[in-house]
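A.B. asks:
In the numbering used here, the protein residues as written are -7 to 200.
#1: Please state if the CB of residue 129 and the CB of residue 159 are separated by a distance shorter than 8 Å.
#2: From this set, 113, 35, 112, which residue's C-alpha is nearest residue 17's C-alpha?
#3: Restricting to Cα atoms, I'd like to know which of 15, 49, 67 is closest to residue 6.
#4: Inspect the beta-carbon positions of residue 126 and residue 81 and report whether they are closer than 8 Å.
#5: CB residue 176 to CB residue 169, shorter than 8 Å?
#6: Below 8 Å on the Cβ atoms is my contact criterion, and I expect residue 40 with residue 9 to pass it. Report the Cβ-Cβ distance as a whole number of Å.
#7: Put residue 178 into one of helix, strand or coil per three-state DSSP.
#8: In this structure, does DSSP put residue 149 in helix, strand or coil?
#9: For the beta strand (DSSP E) that contains residue 1, what are its first and last residues?
#10: For the segment 96 to 181, which segments carrying the beta strand (DSSP E) assignment without a break, of at least 3 residues, lie completely within its bounds, in sequence order?
#11: So, residue -7 versus residue 48, is the Cβ gap smaller than 8 Å?
#12: Closer than 6 Å by C-beta to residue 106: which residues in its own chain qualify, once you throw out the five before and the five after it? Chain order, please.
#13: Is residue 108 buried or exposed, if buried means 16 or more other CB atoms sit within 10 Å of its CB?
#14: Suppose the cutoff is 6 Å on Cβ atoms and the five residues either side in sequence are ignored; what does the same chain contact list for residue 136 look like?
#15: Assign residue 70 to one of three DSSP states: helix, strand, or coil.
If you want it as structure tokens, here you go:
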């Protein structure tokens, strides 16, 4: 599945993405809040290879997308939508962005597209996200997309051997913020997935 927003293409991982992912996955600003850092090229390359092999969704019910600007260029980040409880239509989102691409609203735009995908196309009822209590930049993304803060979970992960707390945010399908989400463009996997970035940008403009 390929999704599009005004400025972005969210597409499946490719093996050729490894170099771009390694470039930001090893940056100190990127790995600061990660419990399992991709702090070496081998680990980052393995991560990309696993995403390609497992496809969408993977065996855990996760939809992984590379974030790329429309018009081409190297990936600027990645997002994930996970199906956590199919019976009760619960999901969660995660997102990472190249430090050099921050401050432009790209993470917010990508997450809005992912939320629309989850609510409108996957029929989820609730989508949540969490972040380290000190990761204020991530909080701001959650708040800008209309998520509400639901609380703090203690000792949810260890970073460099230290237990960290996480904030929890969520949005419901019936919330005003969810109803106001811009509709994401979409294209099923197929020949278009293997086209170049410029061809993708011009052809993936199907808005449902």
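For each residue, glycine too, the CB sits at the ideal point set by N, CA and C.
C.D. replies: Here's the rundown:
#1: Reading the chain shown from its first residue, position 167 is the one you call residue 159. Reading the chain shown from its first residue, position 137 is the one you call residue 129. Against a cut-off of 8 Å, the Cβ pair of residue 129 and residue 159 comes out as no contact.
#2: Numbered from 1 along the chain shown, position 25 holds the residue referred to as residue 17. Cα-wise, what sits closest to residue 17 is 35.
#3: What you label residue 6 is simply residue 14 of the chain shown in a count that begins at 1. When each option's Cα is compared against that of residue 6, the closest is 67.
#4: Position 134 of the chain shown, counting from 1, holds the residue named residue 126. Position 89 of the chain shown, counting from 1, holds the residue named residue 81. Going by C-beta atoms, residue 126 is not nearer than 8 Å to residue 81.
#5: Indexing the chain shown from 1 puts residue 176 at position 184. Indexing the chain shown from 1 puts residue 169 at position 177. No, these two residues do not count as a Cβ contact at 8 Å.
#6: Within the chain shown, the letter at position 48 stands for residue 40. Within the chain shown, the letter at position 17 stands for residue 9. Confirmed, about 6 Å.
#7: As a first step, residue 178 is located in the chain shown; it is residue number 186 there, counting from the start. Residue state, collapsed to three classes: strand.
#8: For this step, residue 149 is matched to residue 157 along the chain shown. The answer is strand: DSSP assigns residue 149 an E or B state.
#9: The residue given as residue 1 occupies position 9 in the chain shown. Start and end: 0 to 3.
#10: 118 to 124, 140 to 151, 154 to 164, 177 to 179
#11: Counting from 1 along the chain shown, the entry for residue -7 is found at position 1. Counting from 1 along the chain shown, the entry for residue 48 is found at position 56. The answer is yes: Cβ separation under 8 Å.
#12: For the purposes of this step, residue 106 is taken as residue 114 along the chain shown, with counting starting at 1. Closer than 6 Å at the Cβ level, and outside the excluded window around residue 106, lie 71, 73, 85.
#13: As a first step, residue 108 is located in the chain shown; it is residue number 116 there, counting from the start. Buried, by the Cβ-count rule.
#14: Counting from one through the chain shown, the residue named residue 136 turns up at place 144. Result list for residue 136: 100, in chain order.
#15: One-based indexing of the chain shown puts residue 70 at position 78. Strand, per DSSP.
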